[in-house]
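In what follows, a single structure is set out as structure tokens and then discussed.
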Amino acid sequence: MSEDDDEDAYGIEDYVMEDAEVFGVQSMAQTLDESILRREFNEIVAHGYHPGFIRLGVDGFALSVALPAKSLADMISPRALVAWDKRLLSGSHYLTLLISGLRGVHPAVEPDGTLTRVVVARSAAPHFRVGLTPNYKPSNEDTAERLRKYGLKEDYGASSDDPPQEEQAPQYAHSQ
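FYI, the numbering for the sequence shown is 212 to 387, going by the numbering used here.
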């Protein structure tokens, strides 16, 4: 290998992470402030909710905040809750808020409500979903499934009542 070839063979070790930050690239350790997350989780618990941190992949995660569904009867008439969904007062379900789409960044929002610079640089778009779960913190598998199903339904206009359809091979017209 000639000296010219050696100069052109750059590897990842040739770049310092500090240089990458100029372009908005940061490692998970630099974009997930665990002390802020811990403080926020303590505040959530102090208000009677159950927080959860769900790791998705290498540097992704979702956050959950849950409330036992039965406790809604303290604020909303039981008759109204049963009319909305019978499961709210039967069994041990949790009304769970799932926050995703943060692309490994927390905190994602400035005190004034705007997205942080890192969130904007990563083109992150926070998504909020609410549903009933059997536990205060959905499992990694359930969370990934909920996020995947939600995206497909939203993208293709399918409803949860639609039966699954088999994919068909595309039909091509033959031109002569």
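Every residue gets a Cβ at the ideal spot worked out from N, C-alpha and C, and that includes glycine.
Report the residue from the options whose alpha carbon sits nearest the alpha carbon of residue i.
i    : options                   : result
S282 : L309, L274 and L292       : L292
A355 : P318, L306, P289 and I310 : I310
Y260 : L278, P337, I247 and G302 : L278
E245 : S288, G315 and D323       : G315
P262 : L326, F252 and G271       : F252
L243 : D270, D353 and E254       : D270
Ignore the nearest five residues each way along the sequence and tell me which others in residue i's own chain have a CB closer than 8 angstroms to its CB.
i    : result
A336 : G312
So, under 8 angstroms CB-CB, residue i and residue j are touching, yes? Tell me the CB distance rounded to an integer number of Å.
i    : j    : result
Y248 : H317 : First, the residue type needs correcting, since residue 248 is Leu and not Tyr in the sequence shown. The pair is a contact, with the Cβ atoms about 6 angstroms apart (cut-off 8 angstroms).
L308 : L343 : So it is not a contact: roughly 11 angstroms between Cβ atoms.
Quick one: Cα of residue i to Cα of residue j, how far?
i    : j    : result
G302 : R266 : 27 angstroms
A280 : V256 : 16 angstroms
P289 : Y347 : 21 angstroms
D296 : H304 : 12 angstroms
On the DSSP letters alone, give me the boundaries of the beta strand (DSSP E) that residue i sits inside.
i    : result
L267 : H261 to L267
S275 : G271 to P279
S311 : Y305 to S311
Apart from the five residues on each side of it in sequence, which residues of its chain come closer than 7 angstroms, Cβ to Cβ, to residue i?
i    : result
A284 : L292 and L300
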